[in-house]
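Peer 1: In UniProt numbering, the protein residues as written are 1 to 419.
My structure is below; once you've seen it, I'll send some questions.
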Amino acid sequence: MTGAILPRHQGQADGSRLAALFADRNWQDGVFAGLMLLSRIPANLGTAGGLAFLLLAGLYTLLRLEQAGLTLRRCWPLLVYPAVALLSASWADFPELTLRAAVQMTVTAYAGLLLSQAERPRTVLLALLAVYGGYTVASWLAGNTRADGLGEAPALYGLGGEAKNYFADTTGTAVLLALAGLAMMLERRAWAWSAALAIVTAICVMATLAARSAGAVAALLSSGALLAALLLLRKASPAAKLLFVIALVTALVLGALFFDQLLALVQQASNKDEGLTGRAYLWYRAAFYTAERPWLGVGYFGFWTAQNPEAIGLWRYFDVRQEGTAFSFHNGYIQTWVETGLIGVAALVLTWAATAALLLRRFVITRSLPACFWLAYLAHEMAKTPVEPIRPSALVAPTIMMFAAAGFGCLPVLRPPRP
Numbered sequence: 001m002t003g004a005i006l007p008r009h010q011g012q013a014d015g016s017r018l019a020a021l022f023a024d025r026n027w028q029d030g031v032f033a034g035l036m037l038l039s040r041i042p043a044n045l046g047t048a049g050g051l052a053f054l055l056l057a058g059l060y061t062l063l064r065l066e067q068a069g070l071t072l073r074r075c076w077p078l079l080v081y082p083a084v085a086l087l088s089a090s091w092a093d094f095p096e097l098t099l100r101a102a103v104q105m106t107v108t109a110y111a112g113l114l115l116s117q118a119e120r121p122r123t124v125l126l127a128l129l130a131v132y133g134g135y136t137v138a139s140w141l142a143g144n145t146r147a148d149g150l151g152e153a154p155a156l157y158g159l160g161g162e163a164k165n166y167f168a169d170t171t172g173t174a175v176l177l178a179l180a181g182l183a184m185m186l187e188r189r190a191w192a193w194s195a196a197l198a199i200v201t202a203i204c205v206m207a208t209l210a211a212r213s214a215g216a217v218a219a220l221l222s223s224g225a226l227l228a229a230l231l232l233l234r235k236a237s238p239a240a241k242l243l244f245v246i247a248l249v250t251a252l253v254l255g256a257l258f259f260d261q262l263l264a265l266v267q268q269a270s271n272k273d274e275g276l277t278g279r280a281y282l283w284y285r286a287a288f289y290t291a292e293r294p295w296l297g298v299g300y301f302g303f304w305t306a307q308n309p310e311a312i313g314l315w316r317y318f319d320v321r322q323e324g325t326a327f328s329f330h331n332g333y334i335q336t337w338v339e340t341g342l343i344g345v346a347a348l349v350l351t352w353a354a355t356a357a358l359l360l361r362r363f364v365i366t367r368s369l370p371a372c373f374w375l376a377y378l379a380h381e382m383a384k385t386p387v388e389p390i391r392p393s394a395l396v397a398p399t400i401m402m403f404a405a406a407g408f409g410c411l412p413v414l415r416p417p418r419p
């Protein structure tokens, strides 16, 4: 015999090391975070991806029963909008559809909250970077494009075939994660990793531009600048950071007041037709629906369905032949108002306001790098709410991420020792 036989004690040692790796909580956090998000980013995974996500979320919960209990105790107020969505099944036009979608959305939100309570938040961020960055770079290298709008200009889309706005959200998130990862590597003086992440950042920026989503570009410009400022000020005194927060809130108010003008500038620079999506007509029609049921709406996820004649009429108006829930009112607040009424809008706005307040508090008091990322990610999503349906949805990656940001703000704050 020419083959070598490993000694029994060496095989046992290898098995022990492998078992220790699987039992390592940091390794578990990274693997589950990465796999859960990876199962929900590519659109072509469909039902199989959704089932994989639910199984992963369930297994992660079983492995972390104590963490799951802490999540619910610390973060239960952040589940107010999912609670409204669940309750809306009692008055919905299509109760079975609403209840199913609301349950799935609640599980999605819970998964994000559970990830936010991981012991090593940086491990979670690095896992998310691997998934978002890897997917974006692979999609950019593949170079798949589709005609975009009336000008027939090519727009890059992801390997999973997702719509351009959804893909642009993925690429923009990848940019923010790459910047956060770059800051980590520079802090560790890991120069080779820093150079690699600088290249990844550049590719992700190019992919975002190639997706030709004006809203995504505007959101990335603002959130990227915010992340850079937060990282630079991370180790400053609490007083200096508090002054920055005051200036930031003032700038956000001004940005909200002049958002249309800012978006118009981005559209002009990217040669986009602002009427291409028909937002004005969609908002005009939505005004009728919200006037009929202003407080409660038609039920969560209950408008854009083939069972609704009003939705069919709008699909026909826009010559949409593939009827489905990918169509929207192109505004997160209007979409929420139509579905869950003013009660739902109030619950959602309060949730995001509380998230921002908790994260800003953490930024001022601590030197947390993950807090900087999650604040920038929150800004990235909120900047798009006037033009995209950014709100909690069932089994989608942005909902996991938004609630991970919200839950991270609920972690206990450990104040740095006084000098």
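All C-beta atoms in this analysis are idealised placements derived from N, C-alpha and C, irrespective of residue type, glycine included.
Since the structure is predicted, the reported quantities are computational estimates derived from the model, not experimental observations.
Using 10 angstroms around the beta-carbon of LEU298, count the other beta-carbons present and answer buried if the total reaches 16, otherwise exposed.
Peer 2: For the purposes of this step, residue 298 is taken as residue 298 along the sequence shown, with counting starting at 1. The identity of residue 298 in the sequence shown is Val, whereas the question assumes Leu. Buried, because 16 or more other Cβ atoms sit within 10 Å of the Cβ of VAL298.
Peer 1: Could you give the distance in angstroms between the alpha-carbon of PHE244 and the alpha-carbon of ILE334?
Peer 2: Looking up residue 244 in the sequence shown gives position 244. Looking up residue 334 in the sequence shown gives position 334. In this structure, the straight-line span from the alpha carbon of PHE244 to that of ILE334 is close to 31 Å.
Peer 1: Helix or strand or just coil, what does DSSP make of THR336?
Peer 2: By one-based count along the sequence shown, residue 336 stands at place 336. Looking at THR336 - three-state DSSP - the assignment turns out to be helix.
Peer 1: Could you tell me which residues DSSP puts in a beta bridge with ARG146?
Peer 2: For the purposes of this step, residue 146 is taken as residue 146 along the sequence shown, with counting starting at 1. DSSP output for ARG146 lists ALA155 as bridge partner(s).
Peer 1: Would ASP169 and PRO370 be called neighbours here (beta carbons separated by less than 8 Å)?
Peer 2: As a working mapping, residue 169 is identified with position 169 in the sequence shown. As a working mapping, residue 370 is identified with position 370 in the sequence shown. For ASP169 and PRO370, no; Cβs fall outside 8 Å.
Peer 1: Assuming ALA216 and GLY172 form a contact by the criterion Cβ under 8 Å, report the distance between their Cβ atoms to the nearest whole angstrom.
Peer 2: Numbered from its first residue, the sequence shown carries residue 216 at position 216. Numbered from its first residue, the sequence shown carries residue 172 at position 172. Right, their Cβ atoms sit about 5 Å apart.
Peer 1: Leaving out the 5 sequence neighbours to the left and right, which residues in its chain are closer than 7 Å to VAL200 when beta-carbon positions are compared?
Peer 2: The residue you call residue 200 lines up with position 200 of the sequence shown. Same-chain partners within the cutoff: GLY133, VAL137, ALA178.
Peer 1: Please classify ALA353: is it buried, with 16 or more other beta-carbons within 10 angstroms of its beta-carbon, or exposed?
Peer 2: Looking up residue 353 in the sequence shown gives position 353. Answer is exposed; the Cβ neighbour count stays below 16.
Peer 1: Decide if PRO77 is buried, meaning its Cβ has at least 16 other Cβ atoms within 10 Å, or exposed.
Peer 2: The residue you call residue 77 lines up with position 77 of the sequence shown. By the neighbour-count rule (16 or more Cβ atoms within 10 Å), PRO77 is not buried but exposed.
Peer 1: Do LEU227 and PHE373 come within 8 Å of each other at the CB atom, strictly closer than that value?
Peer 2: Counting from 1 along the sequence shown, the entry for residue 373 is found at position 373. Counting from 1 along the sequence shown, the entry for residue 227 is found at position 227. A contact, by the Cβ cut-off of 8 Å.
Peer 1: Which residue marks the beginning of the alpha helix (DSSP H) containing CYS410, and which one marks its end?
Peer 2: Taking the sequence shown and counting its residues from 1, the one referred to as residue 410 is at position 410. Per DSSP, CYS410 belongs to no alpha helix (DSSP H) and is neither H nor E.
Peer 1: Can ALA109 and PRO82 be called in contact, C-beta distance under 8 Å?
Peer 2: Sequence index remark: in the sequence shown, residue 109 carries index 109 (1-based). Sequence index remark: in the sequence shown, residue 82 carries index 82 (1-based). Yes, the Cβ-Cβ distance between ALA109 and PRO82 is below 8 Å.
Peer 1: Going by C-alpha distance, which of LEU54, GLU162, PRO392, LEU113 is nearest GLY407?
Peer 2: Here residue 407 refers to the residue found at position 407 when the sequence shown is read from its first residue. Cα-wise, what sits closest to GLY407 is LEU113.
Peer 1: Which residue from ALA210, GLN28, GLU162, PRO392 puts its Cα closest to that of GLU339?
Peer 2: As a working note, residue 339 is residue 339 in the sequence shown. Of the listed residues, the one whose Cα sits closest to GLU339 is PRO392.
Peer 1: Between LEU233 and GLY34, what straight-line distance do the alpha-carbon atoms span, to the nearest angstrom?
Peer 2: Along the sequence shown, one-based indexing puts residue 233 at 233. Along the sequence shown, one-based indexing puts residue 34 at 34. Rounded to the nearest angstrom, the two C-alpha atoms are 29 Å apart.
Peer 1: Is it true that the CB of GLN117 sits closer than 8 Å to the CB of THR71?
Peer 2: Locating residue 71 in the sequence shown gives position 71, counting from the first residue. Locating residue 117 in the sequence shown gives position 117, counting from the first residue. Closer than 8 Å, so yes.
Peer 1: Taking only the alpha-carbon atoms, compute the straight-line gap between LEU220 and LEU38 and give it to the nearest angstrom.
Peer 2: In the sequence shown, residue 220 corresponds to position 220, counting from 1. In the sequence shown, residue 38 corresponds to position 38, counting from 1. The straight-line gap from Cα to Cα measures roughly 21 Å.
Peer 1: What would DSSP say about TYR300, mapped onto helix, strand or coil?
Peer 2: Translated into positions along the sequence shown, residue 300 becomes position 300. Looking at TYR300 - three-state DSSP - the assignment turns out to be coil, as it is neither helix nor strand.
Peer 1: Measuring alpha carbon to alpha carbon, tell me which of GLY58, LEU125, LEU99 ends up nearest MET401.
Peer 2: On the sequence shown, residue 401 is found 401 positions in, with the first residue counted as 1. When only C-alpha atoms are compared, the closest one is LEU125.
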